[in-house]
Amino acid sequence: QVQLQESGPGLVKASETLSLTCTVSGGSVSSYYWNWIRQPPGKGLEWIGYIYSSGSTYYNPSVKGRVTISVDTSNNQNSLKLSSVTAADTAVYYCARTTVGAMAVFNIWGQGTMVTVSS
Amino acid sequence: QSVLTQPPSASGTPGQRVTVSCSGSSSNIGSNTVSWYQQLPGTAPKLLIYSNNQRPSGVPDRFSGSKSGTSASLAISGLQSDDEADYYCAAWDDSLKGPVFGGGTRLTVL
Chain L
800 QVQLQESGPG LVKASETLSL TCTVSGGSVS SYYWNWIRQP PGKGLEWIGY
850 IYSSGSTYYN PSVKGRVTIS VDTSNNQNSL KLSSVTAADT AVYYCARTTV
900 GAMAVFNIWG QGTMVTVSS
Chain C
1296 QSVLTQPPSA SGTPGQRVTV SCSGSSSNIG SNTVSWYQQL PGTAPKLLIY
1346 SNNQRPSGVP DRFSGSKSGT SASLAISGLQ SDDEADYYCA AWDDSLKGPV
1396 FGGGTRLTVL
């Protein structure tokens, strides 16, 4: 059974870079899309971007220019970096998997990790 | 402001049937399939419906989905207290070239 686990600092200072890792267990990162989705407190879901196991990426224009998603196939992980963070980036960050041809079907989710941006 | 529009709240009594709507446009729901997610309090979202009306293994048949034009609906029959959660719709958007979500609907079981 595939499981995803997000990890990283829970507190990031404004203007710095948020860095999170998603570790995949029980399966391989290969041949799947790995997405990052966030949810500000009390609000809805926002898709941040994805990476395919080959390394190709696509980002939501709302964060484009500040975001980088990478994949480490040897360690079965993918990572999110979001630069120049502000209070608006405070959210629960989720890692989720999708497959080719079903890019809006997030069939496996991590438990999420809360990141607070402090001033 | 979410790309897909959902009512912020819905409610029903145990045993009742409730529906949650999701409205989009020709670039998302109108040309792509819809998925639905259930988010229980304090937990990650869980896939409930995909390809408009397909249930993953383990999802009760009390949950059903449909799509017509640029709108979709999630129906929950035989409402139970455990169904109290937030429900989100999602679809691929051809203009964004990425997935978009609805703002979510909080379902209360009275």
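Protein chains in written order, with the working numbering: chain L, 800 to 918; chain C, 1296 to 1405.
For every residue, glycine included, the Cβ atom is placed at its ideal position computed from N, Cα and C.
Computed from a predicted model, the values in this text were never measured in an experiment.
Cβ of residue i within 8 Å of any chain L Cβ
i	result
Gly1319(C)	no
Gly1360(C)	no
Ser1330(C)	yes
Tyr1382(C)	no
Ala1285(C)	Look at the range of chain C in this structure, 1296 to 1405, and you will see that residue 1285(C) is not part of it.
Leu1411(C)	Shown here, chain C extends from 1296 to 1405; a query on residue 1411(C) therefore has no answer.
Ser1297(C)	yes
Pro1302(C)	no
Asn1327(C)	yes
Ala1339(C)	yes
Any chain C beta carbon closer than 8 Å to residue i
i	result
Gly911(L)	yes
Leu844(L)	yes
Asn831(L)	Residue 831(L) is actually Tyr in this sequence, not Asn. Tyr831(L) does not count as touching chain C.
Tyr857(L)	yes
Asn877(L)	no
Ala901(L)	yes
Asn906(L)	yes
Tyr851(L)	no
Tyr893(L)	yes
CA-to-CA distance, residue j to residue i, given in whole angstroms
i	j	result
Lys880(L)	Phe1396(C)	22 Å
Lys1362(C)	Val914(L)	36 Å
Lys1392(C)	Phe905(L)	16 Å
Arg1357(C)	Ser1372(C)	5 Å
Ser818(L)	Ser824(L)	20 Å
Gly848(L)	Val1354(C)	27 Å
Of the listed residues the options, nearest to residue i (C-alpha basis)
i	options	result
Leu803(L)	Ala895(L), Gly900(L), Ser873(L) and Met902(L)	Ala895(L)
Ser827(L)	Ser818(L), Leu817(L), Phe905(L) and Ser852(L)	Ser852(L)
Ser869(L)	Cys821(L), Ser883(L), Trp908(L) and Pro839(L)	Cys821(L)
Ala1385(C)	Asp1378(C), Gly1373(C) and Val1315(C)	Val1315(C)
Gln1311(C)	Gln1375(C), Pro1394(C) and Ser1390(C)	Gln1375(C)
Gln1333(C)	Thr912(L), Ser918(L), Lys863(L) and Ile907(L)	Ile907(L)
Bridge-paired residues (DSSP) for residue i
i	result
Glu845(L)	Arg837(L)
Met902(L)	Note: Met902(L) sits in no beta bridge, so no partner.
Asn877(L)	Cys821(L) and Val870(L)
Lys1341(C)	Gln1333(C)
Ala1367(C)	Cys1317(C) and Lys1362(C)
Check: residue i C-beta below 7 Å from any heavy atom of the ligand ATP
i	result
Ser1390(C)	Summarising the ligand content, the structure contains no ligands, and the ligand ATP is consequently not present.
Discussion item. Quick test of the definition: if touching needs 3 or more C-beta pairs under 8 Å, does the region 1298-1310 of chain C touch the region 1330-1344 of chain C?
Written reply: no
Next item on the list: Tell me, please, whether the region 1363-1380 of chain C touches the region 885-900 of chain L by the rule of three or more beta-carbon pairs shorter than 8 Å.
Entry: no
Between the region 852-861 of chain L and the region 805-817 of chain L, do three or more beta carbon pairs fall short of 8 Å?
no
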